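Take the sequence shown: its position 53, counted from the start at 1, is 53 in full-length UniProt numbering, and no numbers get skipped.
Using N, Cα and C, we set each Cβ at its ideal position, and we do this for glycine too.
Since the structure is predicted, the reported quantities are computational estimates derived from the model, not experimental observations.
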Amino acid sequence: MGDYVDRGKQSIESICLLLAYKIKYPDRIFLLRGNHECSSINRIYGFYDECKRKYDLQIWKSFTICFNWLPITALVAEKILCMHGGLSPDLVESNDILKIARPTDVPDKGMLCDLLWADPDKTIMNWGENDRGVSYTFGKYQVTKFLEKNKIDLICRAHQ
Numbered sequence: 001m002g003d004y005v006d007r008g009k010q011s012i013e014s015i016c017l018l019l020a021y022k023i024k025y026p027d028r029i030f031l032l033r034g035n036h037e038c039s040s041i042n043r044i045y046g047f048y049d050e051c052k053r054k055y056d057l058q059i060w061k062s063f064t065i066c067f068n069w070l071p072i073t074a075l076v077a078e079k080i081l082c083m084h085g086g087l088s089p090d091l092v093e094s095n096d097i098l099k100i101a102r103p104t105d106v107p108d109k110g111m112l113c114d115l116l117w118a119d120p121d122k123t124i125m126n127w128g129e130n131d132r133g134v135s136y137t138f139g140k141y142q143v144t145k146f147l148e149k150n151k152i153d154l155i156c157r158a159h160q
């Protein structure tokens, strides 16, 4: 569920393996975009430098194009919503996600940004400031409200 790069010295090999598995098993492998599948982030945290060191900038640009096409969320059995980050104040109905056109880069704010960056916070009920300086935190009330409105049982996320 995202952040396939910037997690060690073999990000290129890791993402290539995952993409190869996706090609080989298209109905069994599902890749979702994380906040590190964003050029402005992976340029800083190592993937850009790894591409430049091992190959050239064209490979990084090609991966950026690929990442801009990755799905943001997945809905499993109509009951489990998977995403890298979390909920957004702009996300009222799960179908709102379908309005995100791809390919796309990640903006600094808005629903797409939140789906990749937002974090839960046990100490609040609604929305709060995110210590990361990007997106929001969301509380239990917002989760319950979203789940009930959309008839979803669970939100599964990866960003921590």
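Where residue i falls: helix, strand or coil (DSSP)
i	result
residue 83	strand
residue 123	coil
residue 101	coil
residue 4	coil
residue 13	helix
Distance between residue j and residue i (C-alpha atoms, nearest Å)
i	j	result
residue 83	residue 55	31 angstroms
residue 103	residue 148	30 angstroms
residue 140	residue 34	23 angstroms
residue 126	residue 87	11 angstroms
Cβ-based burial, residue i [other Cβ within 10 Å; buried from 16]
i	result
residue 157	buried
residue 25	exposed
residue 95	exposed
residue 117	buried
residue 13	exposed
First and last residue of the uninterrupted beta strand (DSSP E) at residue i
i	result
residue 155	154-157
residue 74	73-76
residue 138	136-138
For residue i, the first and last residue of its enclosing alpha helix (DSSP H)
i	result
residue 48	47-54
residue 63	57-69
residue 114	111-117
Whole-Å CB distance - residue i paired with residue j, under 8 angstroms assumed
i	j	result
residue 6	residue 47	5 angstroms
residue 22	residue 31	6 angstroms
residue 113	residue 67	15 angstroms between Cβ atoms; not a contact.
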